[in-house]
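Asker: Position in the sequence shown (first residue = 1) + 643 = this note's numbering.
For every residue, glycine included, the Cβ atom is placed at its ideal position computed from N, Cα and C.
Owing to the predicted nature of the structure, the values given are computational and were not obtained by experimental measurement.
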Amino acid sequence: MTLPKESGLLGLDDVKIFEVTADTAGSLTYGSAVDVPGMQNIDLSPNYIQKPLMQDEEVDGYYQKLQSIYWSFANAKVSLDVLNILEGGSLSTTGTTPDQKHTFTVYDSSTPKYFKLEGKINYSTDDIGDFHLVLYKCKALSVQIGYRAQNYAIVSASGIAIPTINATNGRKVRDYVINESKVDL
Numbered sequence: 644m645t646l647p648k649e650s651g652l653l654g655l656d657d658v659k660i661f662e663v664t665a666d667t668a669g670s671l672t673y674g675s676a677v678d679v680p681g682m683q684n685i686d687l688s689p690n691y692i693q694k695p696l697m698q699d700e701e702v703d704g705y706y707q708k709l710q711s712i713y714w715s716f717a718n719a720k721v722s723l724d725v726l727n728i729l730e731g732g733s734l735s736t737t738g739t740t741p742d743q744k745h746t747f748t749v750y751d752s753s754t755p756k757y758f759k760l761e762g763k764i765n766y767s768t769d770d771i772g773d774f775h776l777v778l779y780k781c782k783a784l785s786v787q788i789g790y791r792a793q794n795y796a797i798v799s800a801s802g803i804a805i806p807t808i809n810a811t812n813g814r815k816v817r818d819y820v821i822n823e824s825k826v827d828l
């Protein structure tokens, strides 16, 4: 059977981020996967540079090029490892059981890190293994944590995905992948 190029997708089963450790003309490397727990949604919106070609007061052509992709997500669990990538700062562990403590600190000199975001959807209306979405070089522009009485905290983040410097794979920004068999992130 031929693998379909379309599918009805339901859910968001797994999301991981990977810190960009190098992005040069000759190399694109990432750190270890960091799970984004309790993921509720991811929204993606491309941003294009657009310029009409005007001739005699008429539009004679139209230039359009992908500049970046705006992304946002919300998740229902606070992960200090995820916040460390999204916001920069430092994460330390002190003490021993039963007095162990993890502290995530943001300084005035802290800067968000670049990261790859990869999500996986397992359920499909069609005969596929799974669906993956990949943003190769993201940066958080806003991170909010909403603490609410009698409800779970929600972490919301938004930012941009830009082309990689590495040209080996064509300065990628985003991939959508339909796999015939399930593939782990």
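Are the region 703–712 and the region 720–732 touching, with three or more C-beta to C-beta distances below 8 Å?
Answerer: The region 703–712, when compared against the region 720–732, does not touch it at the 8 Å Cβ threshold.
Asker: List the residues that DSSP assigns as beta-bridge partners of R817.
Answerer: By 1-based counting over the sequence shown, the position of residue 817 is 174. The partner list for R817 (beta bridge, DSSP) reads L778.
Asker: Quick check on DSSP: helix, strand or coil for N809?
Answerer: Locating residue 809 in the sequence shown gives position 166, where the first residue counts as 1. In this structure, N809 counts as coil in the three-state DSSP scheme.
Asker: Helix, strand or coil: how does DSSP classify D770 here?
Answerer: Counting from one through the sequence shown, the residue named residue 770 turns up at place 127. Coil, per DSSP.
Asker: Would you mind stating whether A717 and I788 have Cβ atoms separated by less than 7 Å?
Answerer: One-based indexing of the sequence shown puts residue 717 at position 74. One-based indexing of the sequence shown puts residue 788 at position 145. No, they are not a contact pair.
Asker: Report all residues from its chain with a CB closer than 7 Å to the CB of I755; omit the five preceding and five following residues, and keep chain order.
Answerer: For the purposes of this step, residue 755 is identified with residue 112 of the sequence shown, where counting begins at 1. For the sequence presented, residue 755 should be read as Pro rather than Ile. Cβ neighbours of P755 beyond the five flanking positions: L729, E730, G731, K782 and A783.
Asker: Evaluate the contact criterion for the region 761–768 versus the region 653–663: three or more CB pairs, one atom per stretch, below 8 Å.
Answerer: At 8 Å Cβ cutoff, the stretches touch.
Asker: For the beta strand (DSSP E) that V826 lies in, which residues bound it at each end?
Answerer: Here residue 826 corresponds to residue number 183 of the sequence shown, with the count starting at 1. Note, V826: premise wrong, no beta strand (DSSP E); not H, not E.
Asker: From A800 to S715, what does the alpha carbon distance come to, in whole angstroms?
Answerer: Position 157 of the sequence shown, counted from the start, is the residue given in the question as residue 800. Position 72 of the sequence shown, counted from the start, is the residue given in the question as residue 715. If you take the alpha carbons of A800 and S715, they lie about 6 Å apart.
Asker: Under three-state DSSP, which class holds D724?
Answerer: Residue 724 sits at position 81 when you count from the first residue of the sequence shown. DSSP places D724 in helix when its eight states are reduced to three.
Asker: Among all the DSSP beta bridges, which residues are the ones paired with V798?
Answerer: Translated into the one-based positions of the sequence shown, residue 798 becomes position 155. Answer is N718 and I788.
Asker: I'd like the list of long-range same chain contacts for D769, defined as Cβ closer than 8 Å, with 5 residues on each side in sequence excluded.
Answerer: For the purposes of this step, residue 769 is identified with residue 126 of the sequence shown, where counting begins at 1. Same-chain partners within the cutoff: P647, E649, S650 and G651.
Asker: By DSSP, does E701 sit in helix, in strand, or in coil?
Answerer: The count along the sequence shown starts at 1 and reaches residue 701 at position 58. Of the three classes helix, strand and coil, the one that applies to E701 here is strand, per DSSP.
Asker: Confirm, please, whether the CB-CB distance from I808 to D666 is below 7 Å.
Answerer: Counted from its first residue, the sequence shown places residue 666 at position 23. Counted from its first residue, the sequence shown places residue 808 at position 165. For D666 and I808, yes; Cβs fall inside 7 Å.
Asker: Using the rule of at least 16 other Cβ atoms within 10 Å of the residue's Cβ for burial, across every protein chain shown, is D773 buried or exposed?
Answerer: Here residue 773 is taken as the residue at index 130 of the sequence shown, counted from 1. By the 10 Å Cβ count, D773 comes out buried.
Asker: Going by DSSP, name the residue or residues bridged to M682.
Answerer: In the sequence shown, counting from the first residue as 1, residue 682 sits at position 39. Answer is N718, bridged to M682.
Asker: Which of the three DSSP states is assigned to L729 in this structure?
Answerer: Here residue 729 corresponds to residue number 86 of the sequence shown, with the count starting at 1. Note: L729 maps to helix in three-state DSSP.
Asker: Between the Cα of D785 and those of G802, M697 and T645, spot the shortest distance and give me the residue it belongs to.
Answerer: Within the sequence shown, numbered from 1, the residue matching residue 785 stands at position 142. Reading off the sequence shown, one finds Ser at residue 785, where the question assumed Asp. Comparing Cα positions, the closest option is G802.
Asker: Residues bridged to V663 by DSSP?
Answerer: The count along the sequence shown starts at 1 and reaches residue 663 at position 20. Partner(s): Y673.
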